[in-house]
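What follows is one structure encoded as structure tokens, with my remarks underneath.
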Amino acid sequence: LVLAELITDQSAQQAYQQAQRDRVSLVSYLVQNKLLKSWQVAEVASEHFGMALLDLNCLEKDTQPKGLVSEKLIRQHHALPLWRRGNKLF
């Protein structure tokens, strides 16, 4: 994030220390405290790790499976079912 010039080194260090004190992830701290937008962090992480980025806002909500997985499980595993084929979720 610093190399992408989205935040200064000093601000990043302060945010990291405060996130540790608050016992939250750095990303959560940055977004919740409006230091960065979630999409900015997502884009940098996508580039850094060489992973594709999927904008969930582009998906049609009517076609997504609903009520098959509890919100608790979704949050615990950071996984969201996008579609269903037979008895399998993807």
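Each residue of the sequence shown is one higher than the one before, starting from 6 at the first, in my numbering. Ideal placement from N, C-alpha and C gives every residue a C-beta, glycine not left out.
Alpha carbon of leucine 6 to alpha carbon of tryptophan 88, nearest angstrom: Using only the alpha carbons, I get a separation of about 32 angstroms.
So, with DSSP's three-state summary, where would you put lysine 66? Of the three classes helix, strand and coil, the one that applies to lysine 66 here is helix, per DSSP.
State the DSSP-derived secondary structure class of leucine 78, mapped to helix, strand or coil. DSSP places leucine 78 in helix when its eight states are reduced to three.
For alanine 22 and alanine 84, I'd like the C-alpha separation in whole angstroms. The amino acid occupying residue 22 in the given sequence is glutamine; alanine does not appear at that position. The alpha-carbon atoms of glutamine 22 and alanine 84 are separated by roughly 28 angstroms.
What is the DSSP secondary structure of leucine 94, reduced to helix, strand or coil? Here leucine 94 sits in strand by DSSP.
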